[in-house]
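First comes the structure, then the notes that go with it.
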Amino acid sequence: MSYGDLRTLMDADVAVVGGGPAGMCAAIAAARAGLEVALVERWPMVGGQSTMSRVCIWHTSDREREVILGLTKELVERLEAYGGIERWHDFPASPETYYFNSEWMAVVWDDLIREHGIRTACYTPCVDAVADGRRLEAVVVGTKRGLELVRAPLFIDATGDADVAAFAGCRTTKGRESDGKVQGMTLVSSFAGIDPASNEELRATHPELLATMARLRDAGELPSFGGFHLAESRFMAWYGSLIACTSGDPLDPESITRAAMEARAKLPKFLELFRTECPGCEHADLRWTAPALGVRESRRVRGLYTFGAEDVHALRSFPDAVGHGFWGIDIHDPDGSGHTTWLDRSTHLGAGATYQIPYRMLVAADVDNLLVAGRCASATHEGMAALRIQSHCHIMGQAAGTAAAMAVDQGIQPAEVDTAGLQRRLLDAGVVIDEERVKDVRENPGEEAPQPGLM
1366 MSYGDLRTLM DADVAVVGGG PAGMCAAIAA ARAGLEVALV ERWPMVGGQS
1416 TMSRVCIWHT SDREREVILG LTKELVERLE AYGGIERWHD FPASPETYYF
1466 NSEWMAVVWD DLIREHGIRT ACYTPCVDAV ADGRRLEAVV VGTKRGLELV
1516 RAPLFIDATG DADVAAFAGC RTTKGRESDG KVQGMTLVSS FAGIDPASNE
1566 ELRATHPELL ATMARLRDAG ELPSFGGFHL AESRFMAWYG SLIACTSGDP
1616 LDPESITRAA MEARAKLPKF LELFRTECPG CEHADLRWTA PALGVRESRR
1666 VRGLYTFGAE DVHALRSFPD AVGHGFWGID IHDPDGSGHT TWLDRSTHLG
1716 AGATYQIPYR MLVAADVDNL LVAGRCASAT HEGMAALRIQ SHCHIMGQAA
1766 GTAAAMAVDQ GIQPAEVDTA GLQRRLLDAG VVIDEERVKD VRENPGEEAP
1816 QPGLM
């Protein structure tokens, strides 16, 4: 299809498509390096999972030290200034796990957009791309005026679904290798009407309640769920938070709509249980549901390196490392049962164990001027099951935005970026990269991890 006559909505040094945690960090990093940044987001606000899906928890510690800092640390500090975040001590035995208020998170993201002059268009889905061979020239977006173009010499796909890469002709894969099914999705919801006078009794009976819920779920007498918490936070009174599980295809609009409706349909059954079984919950009621499902997986792009399960198990170091990860291979049942490898098989790595995240997995293999960040970066089903959490997406986004600035400034492609120079910039920005590990793998390369034969 020809788009030659379309109006240009934005023209910038770099276009970031997708304003979730990865895309926002990419846009901020690129803007701080002096680039004019265009940011396109399909939802009414930026933040993605951190705002629209209300997934409001960050993990930053390997349980011995805090290894995810950089922009993540700044986000924590900005949220603290609003009273919108607190350290949460019951996950997994670490003070460096944060629980935040998604409403304040949206304010923080907006603050950063204004401070950095990032041109931003929400309510604007990417619907196609204009490419000339291996060069991406523009993305086509849908607006109330019709189709329009966003142009740039360099693009960052942070859509989560690899929309830009797929439209531009990149090789992608979806879901697990055996059948293409993606990880289960969840709907976060919150319940009000809990009597604070029942504080101590609620705490005492919570483990027993969870065990009862799991037993009823496995017996088919209660819908599937991924977690339930009764808590009192510094910025909220007593509340209940439930994660209802569902399944479907995030790339099929009918499938994901059905999945969201099915998740909401499960909530009355839970409310009935809480009102009869939980002390102080006799008058519990639905407070809100997240506007968007929490989607963990869909398409992933083929990059210059495909991060896989062995990289996690081997705690692999990379010469082009841009940060550390510590999350284990955490797969939510694609059939939406609520079972996960984390819950069922305790897939957490040992205390102090980390692997490194390579820059090459952020560089698209088939389009020269395209970087990818977040859960659509180059990884296997198992590899991305470890990398997909928000704090790890922050790392990928900050690295992609920093690399984009280097590429634009030097008139080169992302694959040509000097990774040692990129690491120096990231270290200066507060990112944790164990330099001795990088040095060792550079001087003693040995055999690199075999590339999975997926695409």
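Numbering (the working numbering), first residue to last: 1366 to 1820.
Quick reminder that beta carbons are idealized off the backbone N, C-alpha and C, glycines included.
Small disclaimer: the values here were computed from a predicted structure and weren't measured.
Here Q1548 is buried. Its C-beta has 16 or more other C-beta atoms within 10 Å. Taking every protein chain shown into account, the CB of Q1788 has 16 or more other CB atoms within 10 angstroms, so this residue is buried. The region 1472-1483 makes no contact with the region 1715-1732; the number of CB pairs closer than 8 Å stays below 3. When the five nearest sequence neighbours on each side are left out, the beta carbons in the same chain lying within less than 6 Å of the beta carbon of A1657 are those of M1417 and S1418, in order along the chain. For R1740, no beta strand (DSSP E) encloses it, and the DSSP letter there is neither H nor E. At least 8 Å separates the beta-carbon of A1655 from that of I1559. Contact between the region 1510-1528 and the region 1733-1745 is present, with at least three C-beta pairs closer than 8 Å. Within its own chain, the residues whose Cβ lies closer than 7 Å to the Cβ of D1685, once the five positions on either side in sequence are excluded, are P1723, Y1724, R1725 and T1784, listed in chain order. For the pair of segments examined, the region 1796-1807 was found to touch the region 1432-1439: the number of CB pairs separated by less than 8 Å reaches three. Apart from sequence neighbours up to five positions away, the residues of its chain that approach A1392 with a beta-carbon distance below 6 Å are V1381, V1402, L1404 and I1483, ordered along the chain.
Rounded to whole angstroms, the gap between the alpha carbons of A1609 and S1589 is 6 Å.
S1415 is classed as buried because its beta carbon has at least 16 other beta carbons within 10 Å across all chains shown. Around the beta carbon of D1370, fewer than 16 other beta carbons lie within 10 angstroms, which makes this residue exposed. Counting of Cβ neighbours within 10 angstroms places C1643 among the buried residues, the total reaching 16 or more. Q1721 counts as buried, since at least 16 other C-beta atoms from the protein chains shown sit within 10 angstroms of its C-beta. Setting aside the 5 residues that flank it on each side, E1627 is surrounded in the same chain by T1611, each with a C-beta closer than 6 Å to its C-beta; the list follows chain order. In this structure, K1539 lies near R1664, with their beta-carbon atoms less than 8 Å apart. For W1653, DSSP records a beta bridge to S1555. The residues E1513 and V1515, in chain order, have a CB closer than 6 Å to that of L1374 in the same chain once the five nearest residues on each side in sequence are set aside. In this structure S1606 is buried. Its beta-carbon is surrounded by 16 or more other beta-carbon atoms within 10 angstroms.
Three or more beta-carbon pairs separated by less than 8 Å are not found between the region 1559-1579 and the region 1611-1623, which leaves the two stretches without contact. Contact check between the region 1752-1759 and the region 1688-1701: three or more CB pairs, one atom from each, fall below 8 Å, which counts as touching. Note that the region 1567-1577 does not touch the region 1666-1677; fewer than 3 beta-carbon pairs, one per stretch, sit closer than 8 Å. Boundaries of the beta strand (DSSP E) harbouring D1522: L1519 to D1522, taken from the DSSP string.
According to the DSSP secondary-structure assignment, P1723 is paired through a beta bridge with A1686. By the CB criterion at 8 Å, G1693 and G1591 fall outside the cutoff. Distance from the Cα of N1564 is smallest, within the candidate group S1543, W1653, V1737 and L1595, for L1595.
DSSP places H1594 in the strand class (E or B) of the three-state scheme.
Contact between the region 1493-1512 and the region 1457-1476 is not established, with fewer than three Cβ pairs separated by less than 8 Å.
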